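Numbering (the working numbering), first residue to last: 44 to 330.
A virtual CB, placed ideally from N, CA and C, is assigned to each residue, including glycine.
Fair warning: this is a prediction, and the values are worked out from it, not measured in the lab.
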């Protein structure tokens, strides 16, 4: 997510040793090879890669719940990508940066008035109308949809492409690990958390768009899964650290508030989802 319409995107993680086109969330507990969600095979401690499991002659099962059946996949991540692309196309075809759709979907606290090539704040609907402008409410005026819609809104194609590449790498992994509805809960919660942090910690006149808050939430979720399952989390921790540094050295156009909010919300949401799944699994075994 970015403020003042400037692009920002998380940096790509290490590639999986078995699928070079996919990011590695953790390392194999035995050989240290970076592995993606499809290659993460649960072991007594952490995860192992397919080669190490084959060398050990059998996969070790644990009492942790399987959140998703092996081989089951979902199109949720690519549906999210499709929505982002569709919104960008609609904005581009209706004026780009000056599109009223961008103003209607982007995150801002107070109302705005678009007149010709200028955007004004703290203008009443009547004053805006008299000037021939388009008055659009902010979150403080009841436009609460902006808390979510801003996470699917991009103005620059570079901003969109960077974010969608990262979503395409991270999303399917967490989708397969958590399951479709848990993944969507995590992603939406991270977007909302990033938006709330952006509103509370940013200047009231800031206009913020982008999916980065949700993407930082996915990073936080992957870290929590690795820690809760006692996997080697060094890879994802280094990746998060690099992106945090990039956020603060990238200039004032990057919304560090949204990134921080997304990261914390994503981590907390994943922890709750995992605990609920474990509790449900224990209850099932006791029946």
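Pairwise C-alpha distance: residue j and residue i
i	j	result
residue 152	residue 143	16 angstroms
residue 71	residue 79	10 angstroms
residue 269	residue 246	35 angstroms
residue 248	residue 119	33 angstroms
residue 201	residue 83	32 angstroms
residue 277	residue 67	11 angstroms
residue 286	residue 244	19 angstroms
residue 165	residue 172	13 angstroms
residue 242	residue 208	26 angstroms
residue 272	residue 312	16 angstroms
residue 222	residue 58	23 angstroms
residue 325	residue 297	43 angstroms
residue 141	residue 251	14 angstroms
residue 316	residue 184	33 angstroms
Cβ-based burial, residue i [other Cβ within 10 Å; buried from 16]
i	result
residue 77	buried
residue 220	buried
residue 74	exposed
residue 178	buried
residue 28	With the chain running from 44 to 330 in the structure shown, residue 28 is simply not present.
residue 124	buried
residue 188	exposed
residue 224	exposed
residue 291	exposed
DSSP three-state assignment for residue i, whether helix, strand or coil
i	result
residue 183	helix
residue 68	coil
residue 222	coil
residue 161	strand
residue 178	strand
residue 59	coil
residue 118	coil
residue 153	coil
residue 275	strand
residue 50	A caution first: residue 50 carries a pLDDT of 47, below 50, which makes its placement in the model too unreliable to give a value.
residue 142	coil
residue 131	helix
residue 238	helix
residue 245	coil
residue 282	helix
Residues bridged to residue i [DSSP beta-bridge criterion]
i	result
residue 85	90
residue 168	BP columns for residue 168 are empty, so no partner.
residue 78	69
residue 196	Answer is none; residue 196 lacks a bridge partner.
Proximity test, Cβ basis, 8 angstroms: residue i and chain D
i	result
residue 188	In the displayed structure, chain D is absent; only one protein chain is listed.
Item to complete: Would you check if there are 3 or more beta carbon pairs closer than 8 angstroms linking the segment 228–247 to the segment 281–290?
Response: no
Discussion item. For the pair the segment 187–200 and the segment 125–141, tell me if three or more CB-CB distances fall below 8 angstroms.
Written reply: Look at the beta carbons and you see the segment 187–200 touching the segment 125–141: at least three pairs across the two are nearer than 8 angstroms.
Practice prompt. Answer yes if the segment 303–310 comes into contact with the segment 249–267, meaning at least three C-beta pairs across the two stretches below 8 angstroms, and no otherwise.
Written response: yes
Discussion item. For the structure I just gave you, are there three or more beta carbon pairs, one from the segment 154–161 and one from the segment 211–219, closer than 8 angstroms?
Written reply: no
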